[in-house]
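S.K.: This structure is in structure tokens; I'll ask about it shortly.
Printed below as a string of structure tokens:
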């Protein structure tokens, strides 16, 4: 579900146990918001049949941040996206929050 929405120039990596980080080079805020929404929708569409009576579904709480390549804040972008992800999770599963720094 994650890779289906990424370009060849994008980088996805596991960031923690169930967390992933995605780097979208040269992508503006509206495009990042669109991609994040598509990733969340793609993950929520995944269903696994555990057995005959139980289906496992998934959600994604996504936080994202963008900045100019020469921004003095670019070193904080991952920490800010991580905080936004936790705020999205706090508000309810399946949310997407982002900002430009």
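Numbering (the numbering used here), first residue to last: 135 to 235. Here a beta-carbon is modelled for each residue, glycine too, at the ideal position from N, C-alpha and C.
What is the C-beta distance between residue 197 and residue 222, in whole angstroms, given that I count them as a contact (C-beta under 8 Å)?
M.R.: Walking along the chain shown from the start, residue 197 turns up at place 63. Walking along the chain shown from the start, residue 222 turns up at place 88. Right, their Cβ atoms sit about 5 Å apart.
S.K.: So residue 228 packs on residue 218, CB below 8 Å; how close in whole Å?
M.R.: For this step, residue 228 is matched to residue 94 along the chain shown. For this step, residue 218 is matched to residue 84 along the chain shown. With 8 Å as the limit, residue 228 and residue 218 do not qualify as a contact, their Cβ atoms being about 14 Å apart.
S.K.: What are the boundary residues of the beta strand (DSSP E) that includes residue 200?
M.R.: Reading the chain shown from its first residue, position 66 is the one you call residue 200. Note, residue 200: beta strand (DSSP E), 196 to 200.
S.K.: Look up residue 181 in the DSSP assignment and give the residues it is bridged to.
M.R.: Counting from one through the chain shown, the residue named residue 181 turns up at place 47. DSSP, once it has assigned bridges, lists 191 as partnering residue 181.
S.K.: Among 138, 146, 156, 215, which residue has its Cα nearest to the Cα of residue 180?
M.R.: Within the chain shown, residue 180 is the residue found at index 46, counting from 1. Cα-wise, what sits closest to residue 180 is 138.
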